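Participant: Below are the structure tokens for one structure; questions will follow.
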Amino acid sequence: DAGVIQSPRHEVTEMGQEVTLRCKPISGHNSLFWYRQTMMRGLELLIYFNNNVPIDDSGMPEDRFSAKMPNASFSTLKIQPSEPRDSAVYFCASSPGGETQYFGPGTRLLVL
Amino acid sequence: QKEVEQNSGPLSVPEGAIASLNCTYSDRGSQSFFWYRQYSGKSPELIMSIYSNGDKEDGRFTAQLNKASQYVSLLIRDSQPSDSATYLCAVNPPGGNEKLTFGTGTRLTIIP
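If you read the protein sequences in the order shown, they are chains A and B.
Just so you know, the first sequence maps onto residues 1 to 112 in our numbering.
Just so you know, the second sequence maps onto residues 1001 to 1112 in our numbering.
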């Protein structure tokens, strides 16, 4: 079985540009999580969905961040406009229910 | 006080020795605890979960939980160079549904 798929794997953009990160969860998993990891703050949960519905978005830093899950096999995390402080590794993870989460390879974002 | 605290390390252990990784959490009602391993440049992967007080063993890994002291640890016996990684402690807070709160991780280096 394919694991969690994320794209792009690397993204370099300039401040002010829109960034869209994509995630395909493991088939059959009904929960999806977006995390951000930095050296200073570690791994932080941004938002999670259950059955395509956002359950907890308390970790979304500000209005510049938005996430959608239009169907069970696809989710996006959008940053508009991007800022240098958004530079981080963004992970998507999925879960079949319960608390075991399977992480994707991550997207390394650099905002210049 | 951080919700989940770990010593950031680095922790250096000779090959063949026991590596001991520690984690404390602030929410006394937490019920589920996890250890993830993250190699440099890779995504976190689950290696152990524990739900009850006491020890849980899986191969060379032993997780220990003491809810009264709000303390969870991971022991790695017969440490191998391939165990060199960052180890993340994660806690499912009460009422958090499937949400996990991660510590910032302990970087472990096994010295051949």
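Beta carbons: idealized from backbone N, C-alpha and C, even for Gly.
Here the structure is a predicted model, which means the values were calculated and not measured.
Find out if the Cβ-Cβ distance for the pair residue 1046 of chain B, residue 1063 of chain B is shorter than 9 Å.
Facilitator: Contact flag unset, no.
Participant: Taking Cβ positions, are residue 95 of chain A and residue 7 of chain A nearer each other than 9 Å?
Facilitator: Contact flag unset, no.
Participant: Please state the DSSP three-state secondary structure of residue 1078 of chain B.
Facilitator: Looking at residue 1078 of chain B - three-state DSSP - the assignment turns out to be coil, as it is neither helix nor strand.
Participant: Could you tell me which of A:80, A:104 and A:109 sits nearest to residue 3 of chain A, measuring between CA atoms?
Facilitator: Residue A:104 is the option with its Cα nearest to residue 3 of chain A.
Participant: In this structure, what does DSSP give as the bridge partners for residue 1110 of chain B?
Facilitator: Answer is B:1013, bridged to residue 1110 of chain B.
Participant: Helix or strand or just coil, what does DSSP make of residue 105 of chain A?
Facilitator: Three-state result, residue 105 of chain A: coil.
Participant: How should residue 1082 of chain B be labelled, buried or exposed, when 16 other C-beta atoms within 10 angstroms of its C-beta is the threshold for buried?
Facilitator: Label assigned to residue 1082 of chain B: exposed.
Participant: Against residue 105 of chain A, what residues of chain B qualify as contacts under a CB-to-CB distance less than 7 Å, listed in chain order?
Facilitator: Chain B residues near residue 105 of chain A: 1043.
Participant: Report the rounded CA-to-CA distance for residue 1108 of chain B versus residue 42 of chain A, giving the unit in angstroms.
Facilitator: Each residue's Cα considered, the two are about 16 Å apart.
Participant: Helix, strand or coil for residue 1060 of chain B? Go by DSSP, reduced to three states.
Facilitator: In this structure, residue 1060 of chain B counts as coil in the three-state DSSP scheme.
Participant: Identify every run of the beta strand (DSSP E) within the region 1081-1107 of chain B, keeping only runs that are complete inside it and at least 3 residues long; order them along the chain.
Facilitator: If we require 3 residues or more, the beta strand (DSSP E) runs fully inside the region 1081-1107 of chain B come out as 1085-1092.
Participant: When the cut-off is 9 Å and only beta carbons count, does residue 1062 of chain B lie next to chain A?
Facilitator: No, residue 1062 of chain B does not count as interfacial toward chain A.
Participant: Who does residue 1055 of chain B pair with in a DSSP beta bridge?
Facilitator: According to DSSP, which records beta bridges pairwise, residue 1055 of chain B is partnered with B:1064.
Participant: What's the gap between the Cα of residue 73 of chain A and the Cα of residue 1110 of chain B?
Facilitator: Their backbone Cα atoms lie some 39 Å apart in a straight line.
Participant: In the DSSP output, which residue or residues are listed as bridge partners for residue 42 of chain A?
Facilitator: DSSP output for residue 42 of chain A lists A:38 as bridge partner(s).
Participant: Return helix, strand or coil for residue 54 of chain A, following the three-state DSSP convention.
Facilitator: The answer is strand: DSSP assigns residue 54 of chain A an E or B state.
Participant: Relative to chain A, which residues along the region 1078-1101 of chain B have a C-beta separation below 7 Å, given in chain order?
Facilitator: Listed by position, the residues of the region 1078-1101 of chain B near chain A (Cβ gap below 7 Å) are 1088, 1092, 1097, 1098, 1099 and 1100.
Participant: If you measure from the beta carbon of residue 52 of chain A to each beta carbon in chain B, is any gap under 9 Å?
Facilitator: Closer than 9 Å: no.
Participant: Say whether chain A places a C-beta atom closer than 9 Å to the C-beta of residue 1046 of chain B.
Facilitator: It does; some Cβ of chain A falls within 9 Å.
Participant: Is residue 77 of chain A closer than 9 Å to residue 1101 of chain B when the C-beta atoms are compared?
Facilitator: No, the Cβ-Cβ distance between residue 1101 of chain B and residue 77 of chain A is not below 9 Å.
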